[in-house]
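Under our numbering, read the sequence shown as residues 1 to 790, first letter to last.
Below is one structure, written out as structure tokens; the observations come after it.
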Amino acid sequence: MQINKILLTGILCACSLLSFAQKATISGTVKSVEGELLPGATVALTGTSKGTFSNSEGNYSLQEVSQGKYTLSVSFLGYESHKREVVVKAGEHHKFHIKLKSSTKELEAVSVIGLTEVKETAKLAFNITAIDAKQLHNTTMDLSNVLDRVSGVRVRETGGVGSSFNFSLNGFTGKQVKFFMDGIPMDNFGSSFQLNNIPVNLADRIEVYKGVVPIWLGADALGGAVNIVTNPNRRNYLDASYSFGSFNTHKTAINTGITTANGFTFQLNAFQNYSDNNYWVNVDVVPDLNTGLSIPSRVRRFHDTYRNETVIANVGVVNKKFADRLIVGITLGQNKADIQTGNRMYDVFGERRRKGNIVMPTIKYTKKDLFVKGLNLSFNGNFNLGQEQSIDTAFKQYNWLGDFIYKGSNPNIPGGELSRNLYKYRNNNGLFNANLSYQISEKHSLVLNSTYNTFNRKGEDVLNPNDESIRLPKKTDKNVIGLGYRYDISSKWNTTFFFKEYIQKSKSSNVLNNEYFIQKNKFTQNGYGLATTYFIRPNLQVKGSYEKSYRLPENDELFGDVINLASNTNLRPESSNNYNLGVNYTTSINRVHHLYFDANLIYRSAKDFIRPSLYSSFGRAVQQMVNLRDVTNSGADAEIRYSYKRLFNAGINVTYQNIRNNTKYEGSTTVVSPVYKDRIPNMPYLFGNGNASLFFQNVGGKSNTLTIGYNLLYVHEYYLRWPSQGAASSKLTIPEQLAHDASIVYSMANGKYNIAFECRNLTDATLYDNFSLQKPSRSFNIKLRYFLVK
């Protein structure tokens, strides 16, 4: 009997092995005919249940395929579908590399902001909006302009080109939202490389993560992240553009690259921005600075010139045995900016300015199937050797007419318009990011990420050589370690679990009783969360996620920016419990009418919430970051888009966020705070965008397209200070904003030659993102662009 069992078991094992041996594997790479990798392409065997998506490297694999004859079908949004007959033989590994041609058919989700389906991204459990930046390369927008049209996002600028800005995503602002370029944190890029001076042509795609951030991005984001994808996989191309506009604004961008058959690759990205920013503002002018009497007037800004130039050069090898990609590069850039105002328009400056540069060597390394199949490694490192400088040496008081008086009776007395300084400093920022992922099986995968930041500010002020505070240390070391596990339960359902450890050490100087002392802080904490998604139908998806997250104070928040932000070395890290629930739906009627709908609910419960606060110092408004103990935010955002053939598309999105002060008792008092349950001031809570585009094909010749576009921005009125304080008649508000933009784009020879005309702030409305700090008046721009890819 025992022998029979053994024989039966042996027969069953042999049959299993024989059955397995009869199976085959099909794999390959999906690219465009120009050589661009296409992640997220659908690959399937027609008439079977076998199907998959190409990964981030464009590779696909179909496992355990039975012997026989099949039709291999490959499709990707914006490209013609590809079908080919394949013969599969038992036990063999077949490779089929696919090249897709660009399609002239309607892109189902294309819009004025370039919203597009990115199937590999949409398959994830995270709440993501993907913006196809290629659709916007003919515009004069920078990246901040593009993001300001996404639901849940507000980008608040203090002025024109190159001005300071504050980024808000579902109620989280500033440093609470992290920015990445090709998955690399941008924490240490400095003032010469920011969202509002990077042209949209640099990006191929922009991913906005609302709430929970995937482990592979690796950072201490409290409420979301933005990843700028530059598409380094494009082979040989040239993209050159120049624009000119109102207020003597000039913008140039050149992006080019070459990859040879033997794997050598070189890429160059260069751009510049210049503007006088001398737009019209409505202010109270003091014609006679000796009397101080003011008259409401409309005048031009006279001291607000901005310029920056940046070059990014990369060289290396791709598709080698020792590395899929090994790139070394350098980023060089500089910026110079006049400072026209402080935190209020009644602070007028005529000679204050700032400048900075970036000198940042970089290294990037990626290798798939390291040692074993499914084990992938990527490493990125950079170190910013650039410096920043604030210049304030004129002991003068200016008015909005450009007139001035000396502050003292003796014009030779040294001083400054705000605080006399010629402070030059280096932040010595280093960043090192490593990501290790392992595909355990078809359904199970792991990812381990570590991101380490170092900061050590050193500076000097030749005007104040004996200032002890300049020589004292300002150092931080930060490390965020994350571990994630993904389980693909089925083709309809997948879930990700993750764990993070946050570590930060800081060392700085402080003042007590007119004496300096060294202050050291250390923070270690653990975070965790999960994200899950389920496809009720192929075109109806629901997503849910939760995260216990922490956000460590940034260096500028701790030590100030030496211009308008004061230091606060006593800042505590902020934490939040984040809940997200989302749904999206797409449908098509007769392949003519296309509809897209997306909606999200959020709830945030944050402690030690970091927000800007104003205080008065020597008659000037000074901004400083402070902890507000408890804050809650419940809100929603929704977007709906419609398109008809290749003729018309339109969309609207709206965001509501109810951000409340939940701190009942201030300090050690037992008295209920007068602002308990108040809406957080100086933060918009209701805003939205509307846009529409008309397309006219073959205008003036075959393959020529004329596009007419329109965009509307609405922001509801909100309070500058706590709503419960002060008389109703005296409360300061940021008024309702209504801005209209229009554009005309003419593309020739399938996009090889392009010309665009734009008008921003069409009605010449007085616009504010921050109280009294006016944004540009009506402006006109023209852009010329040449694009060639092989």
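The C-beta atom is built at its ideal place from N, Cα and C for all residues, glycine as well.
Of the listed residues the options, nearest to residue i (C-alpha basis)
{"i": "S75", "options": "K95, G91, P39, F648", "result": "P39"}
{"i": "V328", "options": "V299, T569, R778, T366", "result": "T366"}
{"i": "S441", "options": "G415, R486, L647, Y452", "result": "R486"}
{"i": "A749", "options": "N698, N577, E388, G374", "result": "N698"}
{"i": "I391", "options": "G408, F404, G415", "result": "G415"}
{"i": "N691", "options": "S508, A727, I640", "result": "I640"}
{"i": "D598", "options": "L628, G651, V592", "result": "G651"}
{"i": "H97", "options": "I405, Y70, K210, S32", "result": "S32"}
{"i": "I734", "options": "F780, L558, F687", "result": "F687"}
{"i": "N278", "options": "F523, L377, Y306, P473", "result": "Y306"}
{"i": "S294", "options": "R300, F302, R301, V285", "result": "V285"}
{"i": "V200", "options": "T173, G245, G257, K134", "result": "K134"}
{"i": "L762", "options": "F780, D769, L773", "result": "F780"}
{"i": "E80", "options": "G162, D488, V30", "result": "V30"}
{"i": "T632", "options": "E574, V283, Y710, N464", "result": "E574"}
{"i": "N662", "options": "G529, L628, D403", "result": "L628"}
{"i": "Y828", "options": "Q504, F497, K522", "result": "What is shown of the chain runs 1 to 790, which leaves residue 828 out entirely."}
Residue i, DSSP secondary structure in three states
{"i": "G374", "result": "coil"}
{"i": "Q176", "result": "helix"}
{"i": "V542", "result": "strand"}
{"i": "P215", "result": "Note on residue identity: the sequence assigns Ile, not Pro, to residue 215. In this structure, I215 counts as helix in the three-state DSSP scheme."}
{"i": "N555", "result": "helix"}
{"i": "V226", "result": "strand"}
{"i": "V110", "result": "At V110, the pLDDT of 36 sits below 50, so the modelled position is not reliable and the matter cannot be decided from this model."}
{"i": "L18", "result": "With a pLDDT of only 39 at L18, under 50, the local geometry of the prediction cannot be trusted, and the value read off the model is given with reservation. Of the three classes helix, strand and coil, the one that applies to L18 here is helix, per DSSP."}
{"i": "L773", "result": "strand"}
{"i": "L38", "result": "coil"}
{"i": "S668", "result": "coil"}
{"i": "S634", "result": "strand"}
{"i": "S730", "result": "helix"}
{"i": "K396", "result": "strand"}
{"i": "F189", "result": "coil"}
{"i": "P414", "result": "coil"}
{"i": "I358", "result": "strand"}
{"i": "I184", "result": "strand"}
{"i": "L422", "result": "coil"}
{"i": "R235", "result": "coil"}
{"i": "G381", "result": "strand"}
{"i": "R641", "result": "strand"}
{"i": "S54", "result": "coil"}
{"i": "Y676", "result": "coil"}
{"i": "S246", "result": "coil"}
{"i": "L694", "result": "strand"}
{"i": "E64", "result": "strand"}
According to DSSP, residues forming a beta bridge with residue i
{"i": "A270", "result": "I254, V311"}
{"i": "V283", "result": "S297"}
{"i": "P612", "result": "M625"}
{"i": "P199", "result": "D142"}
{"i": "Q657", "result": "G635"}
{"i": "H740", "result": "L712"}
{"i": "R537", "result": "L540"}
{"i": "R785", "result": "S241, N754"}
{"i": "M798", "result": "Lying outside 1 to 790, the shown extent of the chain, residue 798 is not represented and no answer is given."}
{"i": "E547", "result": "G529, N578"}
{"i": "S779", "result": "R760"}
Residue i - containing beta strand (DSSP E), residue span
{"i": "S390", "result": "387-391"}
{"i": "L326", "result": "325-338"}
{"i": "L713", "result": "705-715"}
{"i": "L436", "result": "429-439"}
{"i": "T29", "result": "24-32"}
{"i": "E207", "result": "205-210"}
{"i": "H93", "result": "93-95"}
{"i": "Y79", "result": "Segment: none, Y79 is in no beta strand (DSSP E) and carries neither H nor E."}
{"i": "F71", "result": "The sequence as given places Thr at residue 71; Phe does not occur at that position. From DSSP, the beta strand (DSSP E) with T71 extends over 68-75."}
{"i": "E442", "result": "Segment: none, E442 is in no beta strand (DSSP E) and carries neither H nor E."}
{"i": "F302", "result": "Counting along the chain, F302 falls outside any beta strand (DSSP E), and DSSP gives it neither H nor E."}
{"i": "L100", "result": "98-100"}
{"i": "Y406", "result": "404-406"}
In chain order, which beta strand (DSSP E) runs of at least 3 residues are fully inside the stretch 450-526?
458-461, 474-488, 493-512
Runs of 4 residues minimum, wholly inside the stretch 559-602: which ones carry the alpha helix (DSSP H) assignment? none
message: Ignoring anything shorter than 3 residues, give me the beta strand (DSSP E) runs that lie fully in the stretch 130-177, in order along the chain.
response: 153-157, 165-169
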